[in-house]
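K.L.:
Take a look at the following structure, please.
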Amino acid sequence: MEQLNQGRAMLYNFLSGLFARELNAERLSQLTAPDSKAFWQQLSSDPALKQAAKLMEQKLQSIAWMQDRDKALLELAADFCGLFLVGSKQSASPYAGLYLQADEDVTLFGEQHQQMLAFLQRSQLQLSGDFPEPADHLAVILAYQAHLCLSASASTQQEFLQECLLSWLEPFCQRVTECDRGGFYAALARLTLAFVQSDAEWLKGAAAH
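In structure tokens, the structure reads:
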């Protein structure tokens, strides 16, 4: 069970990192190196993740194989900025509060931000100084779930997942799919949703025992 939870935590952290910052050349090389094959094969061995994992791997490989890889990474960085950093009709803001607050005049650093800060403080964690984002950013929530994988009961993990992630993840991922012209972040969103939904089902069974 410990090994399984470590694997779950690793995948949550992996997804968190890709939503936190633009993909750079070093990270791309790591994710497309020959020794990364085992990671992608393991993901693809799960029927719930197979299609999403294969699509994600194909997207990464297609970028790595491009003749002008630096240009491809710049275009990917532009996609990241347009989707997640610029609030516009063509963006997919990665903040829980923007999907969960009923008010028309939604603001950042609102109720969901305060809720996540409380979770972090309760676990004696804090936001990194080089990540100046509200605490209800998807990357923060995924990273906190990774922490819970190694420190909390299945029922606690399930409760957090349902309340703080699954309550808004699907409409966010739909928005990414609609707005992402390059397709990489649409693939990432698809993999994230597939994994979180699959993990929630597993936690339901684990919490019942």
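Heads up: the sequence shown begins at 1 in UniProt numbering, then just goes up one per residue.
From the three backbone atoms N, C-alpha and C, an ideal C-beta is built for every residue, glycine too.
1) Looking at C-alpha atoms only, which residue of Q112, R122 and L31 is the closest neighbour of C11?
2) Using the C-alpha atoms, what's the distance from F84 back to E75?
3) In chain order, what residues of the same chain lie with their CB nearer than 8 angstroms to the CB of C81, ignoring the 5 residues before and after it?
4) Tell me which same chain residues have a C-beta within less than 8 angstroms of the C-beta of K204, skipping the five on either side of it?
5) With 16 as the cutoff for other CB atoms within 10 Å, does R122 come out buried or exposed?
6) Is S91 closer than 9 angstroms to C179 when the C-beta atoms are compared?
7) Please confirm if the stretch 189-196 is in contact with the stretch 50-63, defined as three or more CB-CB distances below 8 angstroms between the two stretches.
8) Who are the near neighbours of S36 in its chain, counting only those whose CB is closer than 8 angstroms to its CB and skipping five residues on each side?
9) Grab me the residues of A20's own chain with a C-beta within less than 7 angstroms of its C-beta, minus the 5 sequence neighbours each way, in chain order.
10) Which first and last residues belong to the alpha helix (DSSP H) in which residue 222 is found?
11) According to DSSP, is H147 part of a helix, a strand, or is it coil?
12) What is the DSSP secondary structure of H209, reduced to helix, strand or coil?
13) Can you tell me whether H209 is buried or exposed? The criterion is at least 16 other CB atoms within 10 Å of its CB, across all chains shown.
P.N.:
Looking at the atomic coordinates:
1) The sequence position of residue 11 within the sequence shown is 11, counting from 1. The sequence given here has Leu at residue 11, not Cys. That would be L31, whose Cα lies nearest to the Cα of L11.
2) The residue given as residue 75 occupies position 75 in the sequence shown. The residue given as residue 84 occupies position 84 in the sequence shown. For E75 and F84, the distance between alpha carbons rounds to 14 angstroms.
3) Numbered from its first residue, the sequence shown carries residue 81 at position 81. Once the five neighbours on either side are set aside, the close Cβ partners of C81 are E22.
4) As a first step, residue 204 must be located in the sequence shown, where it is residue number 204. Answer for K204: Q158, listed in chain order.
5) For the purposes of this step, residue 122 is taken as the residue at position 122 of the sequence shown. So R122 counts as exposed.
6) Along the sequence shown, read from residue 1 onward, the residue named residue 179 stands at position 179. Along the sequence shown, read from residue 1 onward, the residue named residue 91 stands at position 91. Contact flag set, yes.
7) yes
8) If you number the sequence shown from 1, residue 36 lands on position 36. Here the set comprises Q30.
9) The count along the sequence shown starts at 1 and reaches residue 20 at position 20. Around A20: F131 and A139.
10) Residue 222 falls outside the range modelled here, since the chain spans only 1 to 209, and no answer is possible.
11) For the purposes of this step, residue 147 is identified with residue 147 of the sequence shown, where counting begins at 1. For H147, the secondary structure class from DSSP, reduced to helix, strand or coil, is helix.
12) The residue labelled residue 209 in the question sits at position 209 within the sequence shown. DSSP places H209 in coil when its eight states are reduced to three.
13) Translated into positions along the sequence shown, residue 209 becomes position 209. Answer is exposed; the Cβ neighbour count stays below 16.
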